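What follows is one structure encoded as structure tokens, with my remarks underneath.
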DNA sequence: ACGCGGTGATTGAAAGCTAAAGAAGTGGTC
DNA sequence: GACCACTTCTTTAGCTTTCAATCACCGCGT
């Protein structure tokens, strides 16, 4: 057992360097893409991701909760986001036929068109900032690392690995 | 020269997997640390980073612009952040003697104490979410990759100075 | 000394995010 | 069929971030 009075395991110099590089790179990249999309498509990066996801969904529509889970954001945040996208006419909310509580977000033609125009510039920005600078070994490694981290932070389904508890 | 009418180089399936993993991992980790610090120290992750940087600076003070550059945020954002931290009594603004336009942010004893109490939990959270899940090769690789990305997005040759921060 | 472009920092309004609470609907149990 | 716990989604209020001014000061050139 650990207890609260133990000396914490501080980061080593090398770990600190990695952590600092991580923080700097992710803030810079995030800000960079946000600005790029805000300039070229008048929306933040997260909203763009939502439209992309919708565009790939069957019949361009998806349940709110599903969309939120996929984008790793809260339902509350999604609600606000979809409200703004709806104001711009890029998305429409519609009732879910099978569950009266449910809503579907539907990507309109206008939304699809905005996406079509923004996509090339965005992909170019991602390539230029990330993929073009890494060897294919580094790309592979990055993918593995990020999958591990994402997996570890996934809010777990309690019943998933404990089937006897439901 | 490229031109706007070329077919863009879309991401390959493998690149898309990497990019998606990156986006998921970084949003999850960012949110996770934000929540951890909001719960345990009543401040967002960025603010915590500012206090950490100040605590390592000579005489626990730093010029606003230097602090903003180091944290990779805009001066405007820093201004608002420091205002907030000042309200809580964790930081104080003071005039810079050598340049009447300048301001120093100074980490108060109260601010230092908050940091001292929050640090162990925060380090533990970072370890648990990131370092504990990666092999030392992966840690090394992550550091290299993030340094490349950060370097590429650096507005200019920033970071040459600040010797006390290595 | 004067003007002038550039730098350091702040401000205010609007956009976006979070947490907590609320409204509506579902589904199982007795 | 009435209850009860849970799910889905929205709303509210407060906080943070962004963007575009704004203000004050620096130092350089003339």
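Protein chains in written order, with the numbering used here: chain V, 1 to 166; chain G, 1 to 166. By construction, the Cβ of each residue, glycine as well, lies at the ideal position given by its N, Cα and C atoms. As the structure is a computational prediction, the values presented were derived from the model and not from experiment.
Could you name the residues of chain G that residue i contacts, counting a contact when the two beta carbons are closer than 7 angstroms?
i: residue 27 (chain V); result: 72
i: residue 118 (chain V); result: Those do not exist, as residue 118 (chain V) stays about 11 angstroms from chain G at its closest Cβ, beyond 7 angstroms.
Would you mind giving the Cβ-Cβ distance between residue i and residue j, rounded to the nearest angstrom? I have them listed as a contact below 8 angstroms.
i: residue 131 (chain G); j: residue 15 (chain V); result: 6 angstroms
i: residue 115 (chain V); j: residue 51 (chain V); result: 5 angstroms
i: residue 121 (chain G); j: residue 18 (chain V); result: Not really, about 20 angstroms apart at Cβ, beyond 8 angstroms.
i: residue 45 (chain G); j: residue 33 (chain G); result: 5 angstroms
i: residue 78 (chain V); j: residue 64 (chain V); result: 6 angstroms
i: residue 127 (chain G); j: residue 9 (chain V); result: 7 angstroms
i: residue 22 (chain V); j: residue 146 (chain G); result: 5 angstroms
i: residue 129 (chain V); j: residue 149 (chain G); result: 7 angstroms
i: residue 86 (chain V); j: residue 93 (chain V); result: 6 angstroms
Would residue i count as contacting chain G if we go by Cβ distances under 9 angstroms?
i: residue 149 (chain V); result: yes
i: residue 112 (chain V); result: no
i: residue 14 (chain V); result: yes
i: residue 51 (chain V); result: no
i: residue 161 (chain V); result: Annotation note: pLDDT 39 at residue 161 (chain V) (below 50); position unreliable, no value reported.
i: residue 11 (chain V); result: yes
i: residue 134 (chain V); result: yes
i: residue 78 (chain V); result: no
i: residue 129 (chain V); result: yes
i: residue 164 (chain V); result: Because residue 164 (chain V) carries a pLDDT of 30, less than 50, the predicted location of this residue cannot be relied on, and no value is offered for it.
Are the C-beta atoms of residue i and some chain V residue less than 9 angstroms apart?
i: residue 145 (chain G); result: yes
i: residue 47 (chain G); result: no
i: residue 32 (chain G); result: yes
i: residue 75 (chain G); result: no
i: residue 24 (chain G); result: yes
i: residue 154 (chain G); result: yes
i: residue 21 (chain G); result: yes
Under 9 angstroms between beta-carbons, which chain V residues line up against residue i? List them in chain order, please.
i: residue 54 (chain G); result: None at all; the shortest Cβ gap to chain V is about 15 angstroms.
i: residue 17 (chain G); result: 143, 147
i: residue 81 (chain G); result: Near residue 81 (chain G) there are no residues of chain V at all, since even the closest Cβ is about 13 angstroms away, more than 9 angstroms.
i: residue 106 (chain G); result: By Cβ distance, chain V contributes nothing, its closest Cβ being about 22 angstroms from residue 106 (chain G), past 9 angstroms.
Run down chain V in chain order and give the residues with a C-beta less than 7 angstroms from the C-beta of residue i.
i: residue 8 (chain G); result: 120, 123, 124
Compare the Cα-Cα distances from residue i to each of the options and report the closest residue.
i: residue 105 (chain G); options: G:47, G:146, G:39, G:10; result: G:47
i: residue 102 (chain V); options: V:125, V:67, V:81; result: V:67
i: residue 135 (chain V); options: G:88, G:136, G:135, G:141; result: G:141
i: residue 112 (chain V); options: V:71, V:81, V:59; result: V:59
i: residue 88 (chain V); options: V:110, V:72, V:70; result: V:110
i: residue 189 (chain G); options: V:38, V:25, V:74, V:72; result: Coverage of chain G is limited to positions 1 through 166, which leaves residue 189 (chain G) absent and any answer about it impossible.
i: residue 12 (chain G); options: V:139, V:148, V:75; result: V:139
i: residue 154 (chain V); options: V:118, V:49, V:70; result: V:70
i: residue 36 (chain G); options: G:150, G:74, G:119, G:81; result: G:119
i: residue 40 (chain G); options: G:123, G:99, G:148; result: G:123
i: residue 108 (chain V); options: V:82, V:20, V:137; result: V:82
i: residue 167 (chain V); options: V:49, V:100, V:99, V:31; result: Here chain V covers residues 1 to 166 and nothing more, so residue 167 (chain V) does not appear.
i: residue 91 (chain V); options: V:99, V:27, V:38, V:80; result: V:80
Identify the contact partners of residue i in chain G, using a Cβ-Cβ distance below 8 angstroms as the criterion.
i: residue 139 (chain V); result: 14, 15, 18
Would you mind telling me which residues of chain V sit closer than 8 angstroms to residue i, beta carbon to beta carbon, in chain order?
i: residue 67 (chain G); result: Those do not exist, as residue 67 (chain G) stays about 14 angstroms from chain V at its closest Cβ, beyond 8 angstroms.
Within 8 angstroms: the Cβ of residue i and any heavy atom of the ligand FAD?
i: residue 8 (chain G); result: The ligand FAD is not part of the structure shown, which contains no ligands of any sort.
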